[in-house]
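Student: In my numbering, the protein residues as written are 36 to 217. Every residue, glycine too, gets a C-beta built ideally from N, C-alpha and C. It should be emphasised that the depicted structure is a prediction, and the values quoted were computed from it without experimental measurement. Quick one: the structure is below, and I'll ask about it shortly.
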């Protein structure tokens with residue numbers, strides 16, 4: 036999103052046209068918000084609810100928005116808190132982070148290619164699910180929600196270099212788990 040759009044949404048919040056700001060946020064960030072919640076929670080149905088809850092919570096919080104951060108990072112920080120609460124309430128930790136879905140891989144040429152692709156996706160999902168939460172979180176914000184490292188850091192309440200380090204550790208762990216080279 037370009038800076039003008041963020042400024043426009045922030046202006047709508049300041050002008051107390053909150054429903055207009057909410058509609059703009061939904062259009063602008065809805066798809067990325069949904070991908071982030073899905074990556075964080077694993078369940079598309081639960082992710083849809085979390086994304087909607089995030090937008091509603093943002094609407095309720097608009098009177099207190101001070102503009103100290105970009106609207107995008109403010110919204111994703113809200114979504115992160117909601118996803119954390121949802122995940123903590125679960126009785127079972129069965130949700131997997133879906134960094135890569137089958138549709139992200141090119142179609143197979145043969146049934147053998149398809150079987151290999153399916154196995155690779157399964158191994159990758161299991162490897163990502165085994166990462167520490169803070170590393171998965173940075174990967175989800177960076178690659179599912181398309182946030183920059185600076186924006187992901189702001190959402191997580193850490194410095195940008197810490198976000199980069201978490202991603203680096205995650206990629207190193209994935210290479211090791213999947214048998215790749217460093």
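Are there 16 or more other CB atoms within 10 angstroms of the CB of residue 108, so buried, or fewer, so exposed?
Tutor: buried
Student: How big is the Cα-Cα spacing for residue 157 and residue 174?
Tutor: The alpha-carbon atoms of residue 157 and residue 174 are separated by roughly 18 Å.
Student: Decide if residue 106 is buried, meaning its Cβ has at least 16 other Cβ atoms within 10 Å, or exposed.
Tutor: buried
Student: Can you give the Cα-Cα distance for residue 94 and residue 177, rounded to whole angstroms?
Tutor: 24 Å
Student: Quick one: using the 10 Å Cβ neighbour count with 16 as the cut-off for buried, is residue 42 buried or exposed?
Tutor: Label assigned to residue 42: exposed.
Student: Expressed to the nearest angstrom, what Euclidean distance is found between the alpha-carbon atoms of residue 134 and residue 180?
Tutor: Here residue 134 scores only 46 on pLDDT, less than 50, and its place in the model is too uncertain to base an answer on.
Student: On a CA-only basis, which of 189, 172, 184, 203 is nearest residue 75? Give me that one, please.
Tutor: 172
Student: Under 8 Å: do the region 82–91 and the region 110–123 share three or more Cβ pairs, one atom per stretch?
Tutor: Segments in contact, yes.
Student: Using 8 Å for Cβ pairs, my map puts residue 57 next to residue 110. What's the rounded Cβ distance?
Tutor: At roughly 10 Å, the Cβ-Cβ gap does not stay under 8 Å, so residue 57 and residue 110 are not in contact.
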